[in-house]
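Chemist: Got a structure for you, questions after.
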């Protein structure tokens, strides 16, 4: 199998240059997916300020070290970019693509808003409630894309697992420090 077969060859009646054009289009859209994914990561990171308030919180013993979060999120946002790209190309109609984009936009909003609530507003209690919406948005992405491109759905499972873990960490932080006002 060659690279063109991997992303889909041009129909037999089209010249070989159509294969090159299709491959270039796929790679450009993958680049766009990565740029958008890491722009969302950057927005969330901008609100994630590890200040005196954060360091004063009692944390559970099982919490990963702070530097690990950047590496974990980078891996997750990379997987999200590939999943979004695969889902875009697996969508059969303009309407499906618009739905896919809308679901990703909702997920991006939920992801960034969690950081705003937790780190900017210093409200772990409210962020735990918002995290339920984030978790649900990931689950909906998985359910939406699974029938169209299973690998795209599987690539989102680490994101779902990490947000589930973050939920337990968020809950533990509330239990150790609450109430918040």
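Residue numbers (my numbering): 1 to 181. Cβ coordinates follow ideal geometry from the N, Cα and C atoms, glycine included.
1. Spatial neighbours of residue 29 within its chain, please: C-beta separation below 8 Å, excluding the five flanking residues on both sides.
2. Assuming residue 125 is part of the alpha helix (DSSP H), what are its boundary residues?
3. Would you report the Cα separation of residue 159 and residue 73, rounded to the nearest angstrom?
4. Going by the beta-carbon positions, is the gap between residue 163 and residue 142 smaller than 8 Å?
5. Taking residue 92 as the reference, which of 147, 172 and 170 has the closest Cα?
6. In whole angstroms, give me the CA-to-CA distance for residue 67 and residue 59.
7. Report buried or exposed for residue 8, applying the criterion of at least 16 other Cβ atoms within 10 angstroms of its Cβ.
8. With DSSP collapsed to three states, give me the class of residue 91.
9. Is residue 27 buried or exposed, if buried means 16 or more other CB atoms sit within 10 Å of its CB?
10. Given a cut-off of 8 Å, decide if residue 155 and residue 63 are closer than it, judged by their beta-carbon atoms.
11. Does the Cβ-Cβ distance between residue 131 and residue 114 come in under 8 Å?
12. For residue 71, which of 107, 45 and 54 has the nearest alpha-carbon?
Modeler: Checking against the coordinates, here is how it stands:
1. One-based indexing of the chain shown puts residue 29 at position 29. Taken in chain order, the residues that qualify are 85, 88 and 89.
2. In the chain shown, counting from the first residue as 1, residue 125 sits at position 125. Segment 124-145, the alpha helix (DSSP H) holding residue 125.
3. The residue labelled residue 159 in the question sits at position 159 within the chain shown. The residue labelled residue 73 in the question sits at position 73 within the chain shown. Separation of residue 159 and residue 73 (C-alpha to C-alpha, rounded to the nearest whole angstrom) is 9 Å.
4. Looking up residue 163 in the chain shown gives position 163. Looking up residue 142 in the chain shown gives position 142. No; because the gap between Cβ atoms is not below 8 Å, this pair is not in contact.
5. As a first step, residue 92 is located in the chain shown; it is residue number 92 there, counting from the start. Of the candidates 147, 172 and 170, the one whose C-alpha sits nearest the C-alpha of residue 92 is 147.
6. In the chain shown, residue 67 corresponds to position 67, counting from 1. In the chain shown, residue 59 corresponds to position 59, counting from 1. Distance between the alpha carbons of residue 67 and residue 59: 15 Å.
7. Counted from its first residue, the chain shown places residue 8 at position 8. Unreliable positioning characterises residue 8 in this predicted model, as indicated by a pLDDT of 49, which lies under 50. A coordinate reading is not provided.
8. Along the chain shown, read from residue 1 onward, the residue named residue 91 stands at position 91. The three-state secondary structure of residue 91, taken from DSSP, is coil.
9. As a working mapping, residue 27 is identified with position 27 in the chain shown. Exposed, since its Cβ has fewer than 16 Cβ neighbours within 10 Å.
10. Within the chain shown, the letter at position 63 stands for residue 63. Within the chain shown, the letter at position 155 stands for residue 155. No, the pair does not count as a contact, with Cβ atoms beyond the cut-off.
11. Mapped onto the chain shown, residue 131 falls at position 131. Mapped onto the chain shown, residue 114 falls at position 114. Yes, the pair counts as a contact, with Cβ atoms nearer than the cut-off.
12. Counting from 1 along the chain shown, the entry for residue 71 is found at position 71. Of the candidates 107, 45 and 54, the one whose C-alpha sits nearest the C-alpha of residue 71 is 45.
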